[in-house]
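The sequence shown begins at 1 in the UniProt record's numbering and counts up one residue at a time. See below for the structure under consideration.
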Amino acid sequence: MTTEPLRPSPATEAPTGANTLLHTEIMSLNVGPQHPSTHGVLRLVVDMDGERVVRVTPHMGYLHTGFEKTFENRTYHQGVTYAPRTDYLHCFGHELAYVLSVEKLLGAEVPERAKVVRVILHELGRIHSHLVFVGTGLLDLGALTPFFYAFREKESVQDLFESAAGYRMNQGYFRVGGLYRDIPDGWPEAVGRFLEQLERGIDEYTTLFAGNPIFIDRARGVGVIPAGVALDLGLTGPNLRASGVPLDHRKNNPYSGYEDYDFEVITSPDGDSLARFNMRLWEMRQSAAIIRQAVQRLRPGPVKDPNRKISLPPRQELETSMEAVIHHFKLVTEGFHPPRGEVYVPTESARGEVGYYIVSDGGSMPYRVKIRAPSFVNLQALEYACIGVQFADLITILATIDPVLGDVDR
C-alpha cells in the first residue's frame, strides 16, 4: 500500500506571505511534566514561531515503572498485579491481554462463564476510560461542566468494579485460566441499570458538549491525521478509526468469544480532533450493546480452569485434601512452569492494540516480557498533527490522542 510522506498537510502549515519577510526568532516552551493538560508526567518541548507551533518534541521517562523487567522477576501468577497498573484507566484491557498470552502459552482452558464476565468487564473498562476522556479532555479546553457529568457515570462504573473485584481500580481480578472469584448475586442486574444510566448520559454529552459551537470551532479541522499517515505511524484504536481505517482486533483478531457478538466498527473519514472526540462517544454505545449481549449469555458454571496445576484449589478443599494443599503450596511459592516458547495475543483496549509478547524458558518466571502499549505508539502522531497549529490547539490535539503515561513509560 502506498502512503503519503510524513509531512503536515497544507491546511496545517505555518502561514506564508508578507510575514515571511520578517526576521523571526524561534522560542522554545517547556510544557510539563508537572502540568494537568499533559495527562500525566509527559514533558513537551514546543518550538514556537509567534503563535504557531513549528516543532513538538515529547520527552518521556518521568514515570518509568520498569514493569517489563519486573514481570521477568515475578511468577506468571504475580504478574497479574502489574498488568492493570500499566493503563490505570482501562485496567482490564492490560489484565486481559496478559492472561490471554499466558493462557496461550499454557494451553489453558477458560470456562465459558469466565469468558463472558471478562467481556463485560473489558467493555465496562473501555467505557470507564472514555468517560475520563470526555470529562478531562473538555476540561483541558476550559469547560468545567462536562467533567462533573462524565464523572457521574464514571463513579457508577467503579461501583460495579468494586462489587465484582473488591477494588475500584487496579483490580487484578482476572487470573490465568479464569477469574479470581465469581461475580456476586444481583451484579448482572446492576450492570443493566447502569447501561440505562449511561445511554441517558451519552445523550446529554452529545447535546450539551459535542454539539457546542465553541467546542466544534476548537476541534473541527484541528490536528488532522490522514489515514495513510496514521498507518505509517502505527496508530491503533479510536485514533486510527477516526482517520477512516476500520481496524478493531475484536473483529479482526477476535478473542474471548468476541466473534459471537454483534457490534459495529465505526470509522470517520475526517481524522481531526472532533472525529477523535466523537469516536469515543460512538464506541461507548457499541460497548453498551456488547455488554447487553454478554449479560444475556451468562450461565451458571465454573470460573476457573479445573487444572489444579494452573488454578488455585478452592479454599474448602484445603481442609480435606492433602493433594489440594500441595498444589496450593507449589502454586503460591513457585508457580507453574509453561513450556518453552514465545507468544503474543493482540487485544483492543480503549487506546488501541495492547499485547504482551512473552518468552518462556520453561521456568516459573518469564524470560522476557515486552508490552505493545498503544499510548507509546500513538504519541508519535503528536508532532505531525501539531505542526502549524496555534499553541492552544496543541492542548486539544494532545487531549484527543488520549495517552496514559503508565502506558508509555513501562
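The beta carbon of each residue, even a glycine, is placed where N, CA and C say it ideally should be. Computed from a predicted structure; not experimentally measured.
Item                                                                                                                                          : Value
Start-to-end residues for the alpha helix (DSSP H) that takes in residue 98                                                                   : 91 to 106
Nearest residue (CA-CA) to residue 27, options 39, 47, 42                                                                                     : 47
Simplified DSSP state of residue 264, which is helix, strand or coil                                                                          : coil
Contacts around residue 72, its chain only, beta-carbon distance under 8 angstroms, and the 5 residues preceding and following it disregarded : 365, 366, 367, 368, 369
Contacting residues, own chain, Cβ-Cβ under 8 angstroms from residue 105 (five flanking each side not counted)                                : 338, 339, 341, 343, 358, 360
Reduced DSSP category for residue 88 - H, G, I as helix; E, B as strand; rest coil                                                            : coil
Cβ neighbour criterion (16 or more within 10 Å) applied to residue 145                                                                        : exposed
CB contact below 8 angstroms: residue 158 versus chain C                                                                                      : Looking at the structure shown, chain C is missing, and only one protein chain is on hand.
Whole-number beta carbon distance between residue 288 and residue 93, since they are thought to touch under 8 angstroms                       : 17 angstroms between Cβ atoms; not a contact.
Nearest residue (CA-CA) to residue 354, options 171, 255, 161, 196                                                                            : 255
Cα-Cα separation between residue 271 and residue 240, rounded to whole angstroms                                                              : 8 angstroms
Residue 197 to residue 153 span [Cα, whole Å]                                                                                                 : 7 angstroms
Check whether residue 117 and residue 290 have beta carbons under 8 angstroms apart                                                           : no
Beta-carbon proximity check, residue 90 vs residue 137, cutoff 8 angstroms                                                                    : no
Chain-order list of residues whose beta-carbon lies under 8 angstroms from that of residue 178 (same chain, five-residue window excluded)     : 110, 111, 114, 302, 303, 304, 305, 311
Exposed unless 16 or more other CB atoms sit within 10 angstroms - verdict on residue 183                                                     : buried
Terminal residues of the beta strand (DSSP E) in which residue 47 lies                                                                        : 43 to 49
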